[in-house]
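Asker: Residue numbers for the first sequence follow the working numbering, so the first one is 4 and each next one is one higher.
By construction, the Cβ of each residue, glycine as well, lies at the ideal position given by its N, Cα and C atoms.
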Amino acid sequence: MNNKLELYKIYKKIFNYWKKNYLINFKKKNKKKFIIYDGPPSMNGNPGIHHIFSRIIKDIVYRFYTLNNYEVINKLGWDTHGLPIELYIEKKLKINKSDIGKSISIKKFNKYCKKFINKNLNFWIKFTNKIGYFIKDNKYYITCNSKYIESVWWIIKQIFNKKLLYKDYKVLPYSPIAGTSISYQELNLPNTKKKITIYSIYILFKLKTKPYFFNKIKNTIHILVWTTTPWTLPSNTALLIKDNIYYLLIKYNNLYIITSKKSVKFLFNKLNTIKILYKFKGEKIINCEYYQLLKWFKPLNNNKKKFIIIKDTLNIIKENKGSGIIHIAPTFGKDDYEISIKENISSIFYKYKKKIIPIVDKYGKYIKVVPYGLGGKYVKNSYYNNKNKFSVDKKIIKILKNKILIIKKYKHKYPHCWRTNKPIIYYPIESWFINLTKKNIKNRILNLSKKINWITNTLIKNKFIDWLNNIKDWNITRTRYWGTPLPIWSTKDNKSLLVIGSIKELYNEINKSIKLGYMKKNPFKKWINKNFINYNKINLHKDILDKIILSNKNGKKMYRESYVLDVWFDSGSSTYAQYHYPFKNSNLIDNKIYYPSNFISEGTDQIRGWFFTLHIISSIISNNISYKNVLPLGLILDKNGHKMSKSKGNTLNPFKLIYEYGPDCIRWYLIFNNNHNKNIKFNIKDLKKIKNKFFNTLYNIFIFIYNYSNIDKYNYNYLKKIKNKIVFNYIDKWIISKLNNLLLKINKYFKIFNFTKISRLINIFIVKDLSNWYIRLSRNRFWKNTKDNDKKSAYLTLFICLKKILIVSYPIIPFITEYIYLKLYKDKISIIYNNIPKGICKLINRKIEYNMYIIRKYTKIILSLRKRKNIKVRQPLSSIYIVINKYNKELSKLIKPLEIIKKEVNVKKISFINIKNINKYILKKIKLNYSIVGPKYKSLVNKISIYLNNLNQKEIYKIIKNKYIYIKQLNIKLNNKDYYILNQNINNKDNLIYIKNNTIIILNTIITDKLKNEGWIRDFIRNIQFIRKNKNFKITDKIYILLYKKSYLIVKNIIKKYNYFIKNETLAKKIIIINYKPNNNIYYNSKFIYYDINLI
RNA sequence: AGUCUUGUAGCUCAUAUGGUAAGAGCACUACACUGAUAAUGUAGAGGUACGUGGUUCAAUUCCACGCAAGACUACCA
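1) Among Asp-667, Leu-701, Lys-412, which residue has its Cα nearest to the Cα of Ile-201?
2) Do you know how far the Cα of Lys-905 is from the Cα of Asn-1016?
3) Are the beta-carbon atoms belonging to Thr-759 and Phe-675 less than 8 Å from one another?
4) Quick test of your reading: Leu-1045 and Phe-1091, contact by CB under 8 Å. State the CB separation rounded to the nearest angstrom.
5) Taking 7 Å as the limit between beta carbons, can you name the residues of its chain near Tyr-662, skipping five residues before and five after?
6) Near Val-75, which residues of its chain fall below 7 Å by C-beta distance, leaving aside the five closest residues on each side in sequence?
7) Can you tell me whether Gly-378 is buried or exposed? The criterion is at least 16 other CB atoms within 10 Å of its CB, across all chains shown.
8) Per DSSP, what are the beta-bridge partners of His-415 in this structure?
9) Name the residue from Phe-802, Glu-292, Gly-327, Pro-176 whose alpha carbon lies nearest to the alpha carbon of Ile-312.
10) Between Val-633 and Ile-63, what straight-line distance do the alpha-carbon atoms span, to the nearest angstrom?
11) Taking the runs of the beta strand (DSSP E) that are 3 residues or longer, which of them lie wholly in the stretch 774-861?
12) Does DSSP classify Thr-480 as helix, strand or coil?
13) Do the CB positions of Lys-383 and Pro-426 come within less than 8 Å of each other?
14) Counting Cβ pairs, one atom from each stretch, are 3 or more of them under 8 Å apart for the stretch 954-973 and the stretch 837-852?
15) Give every residue of the same chain whose Cβ lies closer than 6 Å to the Cβ of Tyr-294, excluding the five residues on either side of it in the sequence, and list them in chain order.
16) Go to Gly-665, then tell me how far its alpha helix (DSSP H) extends in each direction, as first and last residue.
17) Quick one: Cα of Trp-470 to Cα of Ile-463, how far?
18) First and last residue of the beta strand (DSSP E) that includes Thr-3?
19) Where does Cys-116 land, buried or exposed, given buried means 16+ other C-beta within 10 angstroms?
20) Cutting at 6 Å between CB atoms, please list the residues of its own chain near Lys-1041, excluding the five before and the five after it.
21) For Ser-600, which residues in the same chain have their Cβ closer than 8 Å to its Cβ, ignoring the five residues on either side in sequence?
22) May I ask you to list the residues that DSSP assigns as paired with Leu-76?
23) Classify Phe-119 as buried or exposed, calling it buried when 16 or more other Cβ atoms lie within 10 Å of its own Cβ.
24) Is the stretch 14-31 touching the stretch 818-825, taking contact as three or more C-beta pairs under 8 Å?
25) Have a look at Ile-808, Ile-1065, Phe-269, Lys-278 and flag the residue whose alpha-carbon is nearest the alpha-carbon of Asn-257.
26) Let's test the definition: count the other Cβ atoms within 10 Å of the Cβ of Lys-845 and tell me whether it reaches 16, buried, or not, exposed.
27) In chain order, which continuous runs of the beta strand (DSSP E) of length 3 or greater are located wholly inside the stretch 379-437?
28) Taking the DSSP output, what are the residues bridged to Asn-632?
29) Please determine, among Asn-888, Leu-86, Lys-896, the residue with the shortest C-alpha to C-alpha distance to Tyr-484.
30) Tell me whether the stretch 166-179 and the stretch 689-709 touch, counting them as touching only if at least three CB pairs, one residue from each stretch, are closer than 8 Å.
31) Once the 5 residues before and after Ser-266 are set aside, which same chain residues still bring their CB inside 6 Å of it?
32) With C-beta atoms as the reference, is Lys-3 less than 8 Å away from Lys-142?
33) From the DSSP output, read off the bridge partner residues of Trp-492.
34) Please classify His-415 as buried or exposed, where buried requires at least 16 neighbouring CB atoms within 10 angstroms.
35) Does DSSP put Lys-31 in a helix, in a strand, or in coil?
36) Leaving out five residues before and five after Leu-451 in sequence, what residues of the same chain have Cβ atoms less than 6 Å from its Cβ?
In structure tokens, the structure reads:
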């Protein structure tokens, strides 16, 4: 047996063993099913240690429920579309998004993406295997497969049929020079925020409806509006005001102006030039209308509000900046857009050939019909390449000259496009949305969400519900390339729409198109081949789909809406799409066998991600929840508490870690280290500690029982058979009781998915109870020669404890537990076939557990007393006196448990005495019970406390007798619940006393000659043992002890007296006295040990 | 920038919590123990409970502000 623990080798062995015996992802067949949905991680690179936490949790749940006889359904998945992959490929090919479809075809680009996915997938699968979460028979889902996409299409069609899908525009960061929208991810790249100087202008808007309290004022009232983007002024449709701050109506150079109270100070240097007429809160002028500033374009003719003052419900206005009133141009600002949606504000577009277009074109220029020569000019002069820059802002300022009160220059940070280095603008881009704000849909989503159980975390539940309460319509399309294509075709005038819900439908529609001559070939010809449907032969990505032209009822050509779907829509569809529903497995979902899931678990960052999208899609499609229990997990951070990311360079190579420490160690660490909902600071040092402490101890227990049971030729099956004949002793009963207590707790915590608690309980049991106490105390029972009941009971107890603890630990650390299990318990093929052991209440003995707790406590105390006087444990002492109290009353009458103490602390006798006998060694003190006295006497508490501290012993004994305290000065009487009495130590010469409250122990430290001799013999034996071990004698080797005669004569009497004892302990056949001092060689003789006596 | 969370020994973390002696483990030091031994025991050292202010007889705990870390939403007039 290898005495060195190598966790990675054990993993390899067990993995191969399972593979050979078809135990990979083993499932018990049962009607009782437990469904786990796996949140697909985005496959945008190599897996990191921070990716595996949720999969380990799910694997533990899978293994635990399998032990509990559930059939666990768990299918792994990967999210394979999206921006990060595109960006990676762009970087690799050294191209920009604007190059796709130009210098590189979409087909080629998507091919690169696919290739990247395939390459990474193998890597990820290998990795997932390495941490113990196995994939069987290649059953996993990836979102870029045709089957998956088909299910997603079906979902889109359902949503469309429910009339929840609509097309609108969304304002996004946009780089006109690159010609693409910019993602927030790209916007957050380093060096994209640059300081620029812009105009900060204050403009007068004419008020149209005067509020009643301005009635006295006959003149026109103006609103002072602040903006830093004059070019957006032609698109203005509303003004924003804060309802709860003060505004003033002032008179300035015959103008009547409304501005915020705070702004007056810094806008009007000379305050004597203005006259304050009114002070009022912003809410008073909400909904007042004003005249359009630049009447170049009309807002869309719809029911929405226009040119009106609205309330700042999104907290956009900062009181200390500007005039407290800002202008809203919904088409060209992020906040503007959001507030306009919320407040139902119209926006300005220009009608051109039946289409509506924003007044800035996609190159960043005003459209040609903009007057004053502004048409065709860039809205930002930094877009010009040549030096002759035309500033639209300057020109508009010129046009508005009379209406501008103040012009300043203003420096601020502004986001730039990371490719072109030019500033971005916010720009309306057409997009498809799912209507989630519709009343019945929102209510449904909210009501269903209340059925979800958030494990151990109400905080995150509240966050989730809060998010749902403020739900917005979901923008599901992106103008990207590598993604699930939106399956919608439309005619050029947008009048007819066709949503495709399956490949078959598309296949048939294409055939119609071919008949009309719009298409030549059906790209999915190979799909149906003699009734055999072959999904591998088709590609459902943008490059293929964009070329498909369909037709409406009237035979008009229809083109695809060229968007791809938000990747969150992909992963949120996994409820259905992982089973290719409804094209397959429809019974499993319709009959609620695989749906909803019992358990999901991902990082807390998924509240707005997967947790949200799963819930939304399931609510809409099935009017049901998608998951019953969620365990939100903390994130894995680096050792300094920072997020792991490639750019920071603080990621860890998981393969290396697994190779070094084994998957068990990493699994245990992640579970053990911190509660699941807290972030984990991942520190390799701690891995080492856990390996040394926990795994070595577990392995040592195994080695111990393995070695000795082989010597004795005992095995578990034999002992189990004769179980009824075996009588267990006190310590056995204690550890069995502890074990069953533990099992009860573990079962309880498994049900609420608290694995941290479980691992910590197991750790204490193995290290503290089983190893450091049970085995320590029982060692000689295994070691002795006779094969009596005592020995058998010790073996059986240890076998039982180890077996049950292995099974219970197996879900968390499957490899080492299986390894030990197979070595020790040869009755079954695998630990996997066991049922989870339940704690048996009958075997729990609270009295024994309590007494053992006292024993351990006393042992500690006595050892520390010895330490105070520096008396070695090897030196026997005569006696201990323990003061009897209500806690040790029972123990004092038991004989066997007290033997444990005697042996552990090497003392001959324990006596229990009454406290009265030693009162002279004890200092009494009175302590207030503050929680009772505090509220009663309030400020007097301090004085009472001082009074009590100054009492002498006599007075205290009086109080103990009286059972009350009367304080004359304060006229206060305290009853015996208001205070308690403490015992403290007075030291003594020969006896050492430990006093802490009721626990009082006295150690007699007088060493007689007899005790001294016994101590010497112990030393002698220990030294012989030390030599045995050092010289690599086997445990069972018999020896001869050689003593030098001259030295021997000094200790002759002692050795003679303890002759038998020495021989027994050291396995010596004989003690031989020799007349010469031998040379060192004799040490190496296999049977002889020379001992040089130079002690005494 | 806003919202939320967290801050306890050198490290990783508990319990309880408005109540007067704040707990483990690791690491460190000393001594001991040891045929499971890269283990174990005892002791020592280590804390103004992130800082400041407030409420209270009493604050690590409640409140406010600030600092640091993390998450989300955003980066705008």
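Answerer: Reading from the atomic positions:
1) Lys-412
2) Just so you know, the alpha carbons of Asn-1016 and Lys-905 end up roughly 18 Å apart.
3) Yes; because the gap between Cβ atoms is below 8 Å, this pair is in contact.
4) 6 Å
5) Tyr-11
6) Lys-30, Phe-37, Ile-39, Tyr-65, Tyr-68, Thr-69
7) exposed
8) Ile-199
9) Glu-292
10) A straight-line Cα-Cα distance of about 15 Å links Val-633 and Ile-63.
11) If one requires a minimum length of 3 residues, no beta strand (DSSP E) run lies completely within the stretch 774-861.
12) Looking at Thr-480 - three-state DSSP - the assignment turns out to be strand.
13) yes
14) Short answer: they don't touch.
15) Cβ neighbours of Tyr-294 beyond the five flanking positions: Lys-209, Lys-211.
16) 657-676
17) 10 Å
18) The shown model of the chain, from 4 to 1099, leaves out residue 3, and the question about it has no answer.
19) buried
20) The residues are Leu-1070, Lys-1072.
21) Ile-38, Ile-39, Tyr-40, Thr-578, Ser-629, Tyr-630, Lys-631
22) The amino acid at residue 76 is misidentified as Leu; the sequence shows Ile. Beta-bridge pairing links Ile-76 to Ile-38.
23) buried
24) In the pairwise beta carbon analysis, the stretch 14-31 is classified as touching the stretch 818-825: at least three pairs are separated by under 8 Å.
25) Comparing C-alpha distances from Asn-257 to each of Ile-808, Ile-1065, Phe-269, Lys-278 shows the shortest one belongs to Lys-278.
26) exposed
27) Whole beta strand (DSSP E) segments, 3+ residues: 407-418, 428-437.
28) Asn-456
29) Leu-86
30) no
31) Ser-326, Gly-327
32) A query on residue 3 cannot be resolved here, the shown segment of the chain reaching from 4 to 1099 and no further.
33) DSSP, once it has assigned bridges, lists Leu-501, Arg-563 as partnering Trp-492.
34) exposed
35) coil
36) Ser-622, Ile-628
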